[in-house]
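In our numbering, the protein residues as written are 223 to 597.
What follows is a single structure, written as structure tokens, with notes after it.
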Amino acid sequence: MKEGWEKYSLIDICNVTTGKHDANHAEMNGKYRFYTCSSQYVYCNTKRYEGECIILPGNGINVGESYYYNGEFDAYQRTYVIDKIDKRIIPMYLFYHLQNNWKSEGVAKQYGSATNYIKIGNFKDYIVKMPQSLSEQQSIVDYLDSAFAKIDAMKTNAENALNEAKALFQASLKEMLEPKEGWEEKKLGEVGTFIRGGNFSKKDFVEGGFPCIHYGQIHTKLGVATYKHLSCVPASMVKKDRCASRGDLVIAVTSEDDEGSCKCTAWMADYDAYVGGHAAILKHSLNPIFVSYYFKAARFQKAKLEYTHGFKVVEISPKDIAKIPIAYPSPSKQQSIVDTLDSLKSKVDRLQANYEKISQECDALKQAILRQVFE
Numbered sequence: 223m224k225e226g227w228e229k230y231s232l233i234d235i236c237n238v239t240t241g242k243h244d245a246n247h248a249e250m251n252g253k254y255r256f257y258t259c260s261s262q263y264v265y266c267n268t269k270r271y272e273g274e275c276i277i278l279p280g281n282g283i284n285v286g287e288s289y290y291y292n293g294e295f296d297a298y299q300r301t302y303v304i305d306k307i308d309k310r311i312i313p314m315y316l317f318y319h320l321q322n323n324w325k326s327e328g329v330a331k332q333y334g335s336a337t338n339y340i341k342i343g344n345f346k347d348y349i350v351k352m353p354q355s356l357s358e359q360q361s362i363v364d365y366l367d368s369a370f371a372k373i374d375a376m377k378t379n380a381e382n383a384l385n386e387a388k389a390l391f392q393a394s395l396k397e398m399l400e401p402k403e404g405w406e407e408k409k410l411g412e413v414g415t416f417i418r419g420g421n422f423s424k425k426d427f428v429e430g431g432f433p434c435i436h437y438g439q440i441h442t443k444l445g446v447a448t449y450k451h452l453s454c455v456p457a458s459m460v461k462k463d464r465c466a467s468r469g470d471l472v473i474a475v476t477s478e479d480d481e482g483s484c485k486c487t488a489w490m491a492d493y494d495a496y497v498g499g500h501a502a503i504l505k506h507s508l509n510p511i512f513v514s515y516y517f518k519a520a521r522f523q524k525a526k527l528e529y530t531h532g533f534k535v536v537e538i539s540p541k542d543i544a545k546i547p548i549a550y551p552s553p554s555k556q557q558s559i560v561d562t563l564d565s566l567k568s569k570v571d572r573l574q575a576n577y578e579k580i581s582q583e584c585d586a587l588k589q590a591i592l593r594q595v596f597e
């Protein structure tokens, strides 16, 4: 501990309580912030807390995080709130102290199996180290505010560049795939044949078996085009008529929401892949990557909503996808559109990787600065 600093138990210098409401207390157009255990607050129409407070999730994946707010708000029943902070400590100093130590020391002991959670004892055991002088505390806060603002600016610049590239890609996708003079238009069922996938789950994955595509991979790992499989199943369970060949479109027909419905990938490998349940195969003669991009275009996304159904699980049948129109130009123009969109998407991908790298570096830099100040 640094010279001239003192130790205090957290509960001796502030009040620690939990909210009183369940998640249903949230109101979309509420007047006050409503903090749950999520990283994002929502709104409600009641207020229990006001002034400078620190909010800490009490269960789930965000245990260990801390958020500062100066205002009127309410909280979920498993969310802890630090308020009525002693005048001996500046609230923002305490917040920065928690940013440095809460995740490593405050919640080192957690409870529960299915869902992790913390107890009031975590707060009783937490020790705050601080200078006695408020001016020294304020100097620390000012230094961290300034340093973090510069770091956040770096992250914001990278995020802005990424968002601009995404906006350009979406605008180009919309403009380039809008039907134009000379384009042909047919139902998807008229340009190809739909086949439902077979029947396997992730537990069937093996090493060195027959290449396969699981619908979950379409949602989380596969892009506009796929050139290599990620998993295999035993060859004995493969149904050849449920396999995707080069150029086929593989479509997820089950999703968590409308947005994820019909997410797809063009299978571009030179070998077949067994397609699982909750997915469909479109065998066609158009440019496969053009069709994959078309499924992302606003025109298709709007048209599919006529056929999606379900609440927690959204479904769409291949027979209904077959009813959706597709407009397309000559093969050479299809390839030209693909080349342009590929180039724009490549820029988005590079900026996405850069943003993620800078985000990690910024977070690490903040933690290094916090350690320098408090340890």
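Glycine included, every Cβ here is placed at the ideal spot set by N, Cα and C.
In this text, all values refer to a predicted model and were calculated from it rather than measured experimentally.
Skipping 5 residues on each side, what residues in its chain have a beta carbon closer than 7 Å to that of residue i?
| i | result |
| --- | --- |
| H531 | E537 |
| K588 | F370 and I373 |
| K269 | Y254, E294, F295 and D296 |
| P279 | C259, V285, E287 and T301 |
| A520 | K396 |
| N344 | G328, V329 and K331 |
| Y577 | A380, E381 and L384 |
| W227 | K351, M352 and P353 |
| D480 | L527, T530 and V536 |
| K377 | I580, S581 and C584 |
| H436 | K424, S453 and G498 |
Specify the secondary structure class of residue i as computed by DSSP and reduced to three states.
| i | result |
| --- | --- |
| S231 | strand |
| H243 | strand |
| A474 | strand |
| L566 | helix |
| D431 | For clarity, residue 431 is Gly in the given sequence; the question names Asp instead. Of the three classes helix, strand and coil, the one that applies to G431 here is coil, per DSSP. |
| G328 | helix |
| N284 | coil |
| N237 | strand |
| E578 | helix |
| S453 | strand |
| G438 | helix |
| E403 | coil |
| S552 | coil |
| E583 | helix |
| M250 | coil |
| N421 | coil |
| M223 | coil |
| V678 | Because the chain spans 223 through 597 in this model, residue 678 falls outside it and cannot be assessed. |
Considering only DSSP beta bridges, list what residue i is partnered with.
| i | result |
| --- | --- |
| K409 | P547 |
| P279 | T301 |
| E537 | T476 and H531 |
| G414 | H506 |
| T448 | W489 |
| E274 | N292 |
| V264 | F256 |
| E465 | For the record, residue 465 in the displayed sequence is Cys; it is not Glu. Its beta-bridge partners are Y496. |
Spatial neighbours of residue i within its chain, please: CB distance less than 8 Å, with the 5 preceding and 5 following residues excluded, ordered by chain position.
| i | result |
| --- | --- |
| Y265 | A248, E249, M250, N251, G252, K253, Y254, R255 and F256 |
| M267 | The identity of residue 267 in the sequence shown is Asn, whereas the question assumes Met. Result list for N267: E249, G252, K253 and Y254, in chain order. |
| I559 | M398, L399, F512, Y515 and P551 |
| G482 | H441, A474 and V536 |
| E597 | N322 |
Using C-beta distances below 6 Å, list every residue in its chain close to residue i, excluding the 5 sequence neighbours before and after it, in chain order.
| i | result |
| --- | --- |
| T337 | N281 |
| G419 | R464, V497, G498, G499 and A501 |
| G414 | L504, K505 and H506 |
Check whether the Cβ of residue i lies closer than 9 Å to any Cβ atom in chain C.
| i | result |
| --- | --- |
| H243 | No chain C is present in this structure, which holds just one protein chain. |
Problem set entry | Three-pair Cβ contact test at 8 Å for the region 485-494 versus the region 521-535 | The region 485-494, when compared against the region 521-535, does not touch it at the 8 Å Cβ threshold.
For this session: Taking only runs that begin and end inside the region 484-533, name each unbroken beta strand (DSSP E) of 3 or more residues, in chain order.
Result: The qualifying runs are 486-489, 495-497 and 501-506.
Exercise. Are at least three pairs of beta-carbons, each pair with one atom in the region 227-240 and one in the region 250-262, less than 8 Å apart?
Worked result: No, the region 227-240 does not touch the region 250-262.
Exercise. Is the region 241-250 close to the region 282-290, with three or more CB pairs under 8 Å?
Worked result: In short, these stretches do not touch, since the Cβ pair count stays below three.
Problem set entry | Residue ranges of each beta strand (DSSP E) within the region 307-380, 3 or longer | Within the region 307-380, the complete beta strand (DSSP E) runs of at least 3 residues are 349-353.
For this session: Evaluate the contact criterion for the region 349-364 versus the region 308-321: three or more CB pairs, one atom per stretch, below 8 Å.
Result: The answer is yes - the region 308-321 touches the region 349-364, with three or more Cβ pairs under 8 Å.
Exercise. Can at least three beta-carbon pairs, one atom from the region 504-516 and one from the region 537-554, be found at a separation below 8 Å?
Worked result: Judged by Cβ distances under 8 Å, the region 504-516 makes contact with the region 537-554, as three or more pairs qualify.
Exercise. Are at least three pairs of beta-carbons, each pair with one atom in the region 380-388 and one in the region 564-581, less than 8 Å apart?
Worked result: Yes: the two stretches touch, three or more of their Cβ pairs being nearer than 8 Å.
Exercise. So, do the region 397-413 and the region 437-446 have three or more beta carbon pairs nearer to each other than 8 Å?
Worked result: They do not touch, by the three-pair rule.
Problem set entry | Stretch-stretch touch, CB-based, cutoff 8 Å, three pairs: the region 456-469 with the region 497-507 | Cβ pair count under 8 Å is three or more, so yes.
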